[in-house]
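Residue numbers (my numbering), protein chains in the order written: chain X, 1 to 83; chain A, 84 to 408. Contents: one structure, followed by commentary.
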């Protein structure tokens, strides 16, 4: 039996950001579980994201603590072994 | 629901080559409207979208000049409805990167990351993307103060002093949205006057925390880790000014997304696709609609008009072909 490595995935997003939605759709499509953090509602999370990633824009996807800026499909595929 | 649809699109992609009557490149308002009309003409229709369904319109916070919505409509809501409408009439959608297109001859071939598609007609609705200024600091600080999407990034600039570059309709509209978050805006415009719709100009002038720098050129964006200030030059006197700003939102016009076809279609000197009044391009069976087309006014209202015409012209073309073949 193959046991798949479980990745910790967090998406920082805002509700009105179309690329955020695209990232989340893509993850769902590939059956990847993730935590969605709405930075427009959660000020602390927003500041935490800036501190952890140096980014002031969304979407940012944190895969096992590694930040990926924007909808960078090749990088997401690589880190999550999506074929 | 959404997942199911995406999976369906995936299945389309995995098959070797699929044939369509109309393949639409681009899923913004022009492409979606083309799809609604061509699907209702019972033409087998596919939209191939590389980025997001809804295009640039989807990232507009509020669209106030599209008829039927007296209170305005969030761009994403409007384009979601257009997508729903296209899918209701059996338009297929594939979200994938287009690698190449061959627009010559009776069978057009489109190669994507998720499969090869062929079509009797192609409608180019790839739209346009925000232009970069290509000034020092712009690329280096992208995502660290420099943004092209207010609806995405505004919350990071709560109570901050920021700059908006460009006082056309996009710049002023997004500036008005940013005012819900930020402490102040420096609005920098290269031309001596704002070019935004008059109603937007009137609205933004009422804010006493907006400072206008008309006839000023943005020279650089500076800072250490994050953006701290910008340098502008007064275009008449040449005087340089350093203005503190922790965010810079850039709205300086659009560049057409036509790299894929620049050798195959006639483009104007700015790279927009040249069409006749029926939206035919220089290549038989290929039509263009929306922002990607050489025209005077780029709006959602004009994009949907284009979409309807392009679908009609594609239908006429297919019917004519099948009667002569």
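Even glycine gets a Cβ: it sits at the ideal position worked out from N, Cα and C.
Residue(s) in a DSSP beta bridge with residue i
i, result
"residue 339 of chain A", "A:211"
"residue 327 of chain A", "A:312"
"residue 299 of chain A", "A:317"
"residue 332 of chain A", "A:230 and A:247"
"residue 264 of chain A", "Bridge partners of residue 264 of chain A: none, in fact."
"residue 145 of chain A", "The partner list for residue 145 of chain A (beta bridge, DSSP) is empty, contrary to what the question assumes."
"residue 272 of chain A", "A:297"
Contact set between residue i and chain X, taken where Cβ atoms lie within less than 8 Å
i, result
"residue 141 of chain A", "18"
"residue 219 of chain A", "Result: empty, since nearest Cβ-Cβ is about 19 Å, beyond 8 Å."
"residue 157 of chain A", "16"
Beta-carbon neighbours of residue i, restricted to chain A and to distances below 7 Å
i, result
"residue 45 of chain X", "Chain A residues near residue 45 of chain X: none, gap ~10 Å exceeds 7 Å."
"residue 58 of chain X", "235 and 236"
Beta-carbon neighbours of residue i, restricted to chain A and to distances below 9 Å
i, result
"residue 22 of chain X", "134, 135, 136 and 178"
"residue 37 of chain X", "Neighbours of residue 37 of chain X on chain A: none; closest Cβ ~12 Å, over 9 Å."
Secondary structure of residue i, DSSP reduced to three states
i, result
"residue 181 of chain A", "strand"
"residue 72 of chain A", "Because chain A here runs from 84 to 408, residue 72 of chain A falls outside it and cannot be looked at."
"residue 397 of chain A", "helix"
"residue 139 of chain A", "helix"
"residue 239 of chain A", "helix"
"residue 389 of chain A", "helix"
"residue 253 of chain A", "helix"
"residue 126 of chain A", "coil"
"residue 371 of chain A", "strand"
"residue 83 of chain X", "coil"
"residue 132 of chain A", "strand"
"residue 379 of chain A", "coil"
"residue 94 of chain A", "In this predicted model, residue 94 of chain A has a pLDDT of only 45, less than 50, meaning its place in the structure is not dependable enough to derive any value."
"residue 121 of chain A", "helix"
"residue 282 of chain A", "helix"
"residue 7 of chain X", "coil"
"residue 222 of chain A", "coil"
"residue 160 of chain A", "helix"
"residue 344 of chain A", "helix"
"residue 23 of chain X", "helix"
"residue 52 of chain X", "helix"
"residue 76 of chain X", "helix"
"residue 173 of chain A", "coil"
Where residue i meets chain A, residues with beta-carbon distance less than 8 Å
i, result
"residue 50 of chain X", "239"
"residue 69 of chain X", "226"
Beta-carbon proximity list for residue i, same chain, < 8 Å, skipping 5 on both sides
i, result
"residue 146 of chain A", "140, 152, 155, 156, 157, 158, 161 and 383"
"residue 334 of chain A", "213, 231, 247, 248, 249, 251, 253, 254 and 257"
"residue 187 of chain A", "347 and 366"
"residue 39 of chain X", "12, 13, 14, 45, 46, 49 and 58"
"residue 240 of chain A", "261, 264, 265, 329 and 330"
Same chain only: Cβ atoms within 6 Å of residue i, ignoring 5 sequence neighbours per side
i, result
"residue 209 of chain A", "108, 109, 340 and 375"
"residue 190 of chain A", "201"
"residue 67 of chain X", "53 and 60"
"residue 368 of chain A", "204 and 400"
"residue 135 of chain A", "141"
Rounded straight-line distance, which links the Cα of residue j to that of residue i
i, j, result
"residue 394 of chain A", "residue 101 of chain A", "20 Å"
"residue 319 of chain A", "residue 301 of chain A", "14 Å"
"residue 288 of chain A", "residue 278 of chain A", "13 Å"
"residue 48 of chain A", "residue 401 of chain A", "The question about residue 48 of chain A has no answer here: the residues shown for chain A are numbered 84 through 408."
"residue 105 of chain A", "residue 204 of chain A", "5 Å"
"residue 19 of chain X", "residue 404 of chain A", "40 Å"
"residue 24 of chain X", "residue 317 of chain A", "44 Å"
"residue 96 of chain A", "residue 295 of chain A", "Residue confidence for residue 96 of chain A is low, a pLDDT of 44 falling below 50, so the modelled location carries little weight and cannot support an answer."
"residue 244 of chain A", "residue 310 of chain A", "11 Å"
"residue 150 of chain A", "residue 164 of chain A", "15 Å"
"residue 43 of chain X", "residue 37 of chain X", "10 Å"
"residue 268 of chain A", "residue 363 of chain A", "43 Å"
"residue 116 of chain A", "residue 27 of chain X", "28 Å"
"residue 354 of chain A", "residue 64 of chain X", "42 Å"
"residue 30 of chain X", "residue 178 of chain A", "14 Å"
"residue 227 of chain A", "residue 17 of chain X", "17 Å"
"residue 71 of chain X", "residue 62 of chain X", "12 Å"
"residue 236 of chain A", "residue 373 of chain A", "26 Å"
"residue 114 of chain A", "residue 303 of chain A", "37 Å"
"residue 111 of chain A", "residue 388 of chain A", "13 Å"
"residue 325 of chain A", "residue 21 of chain X", "37 Å"
"residue 103 of chain A", "residue 344 of chain A", "20 Å"
"residue 371 of chain A", "residue 358 of chain A", "7 Å"
Same chain, Cβ closer than 7 Å to residue i, five either side skipped, listed in chain order
i, result
"residue 398 of chain A", "121, 124 and 126"
"residue 172 of chain A", "119, 122 and 123"
"residue 361 of chain A", "392 and 396"
"residue 182 of chain A", "194, 195 and 196"
"residue 180 of chain A", "133, 195 and 196"
"residue 233 of chain A", "144, 257, 260, 261 and 332"
"residue 32 of chain X", "9 and 80"
Beta carbon proximity, residue i to chain D, threshold 8 Å
i, result
"residue 309 of chain A", "No chain D is part of this structure, whose protein chains are labelled X and A."
Where residue i meets chain X, residues with beta-carbon distance less than 9 Å
i, result
"residue 201 of chain A", "Within chain X, no residue comes near residue 201 of chain A; the closest Cβ sits about 25 Å away, beyond 9 Å."
"residue 144 of chain A", "16"
Contacts that residue i makes with chain X (C-beta to C-beta distance below 7 Å)
i, result
"residue 230 of chain A", "57"
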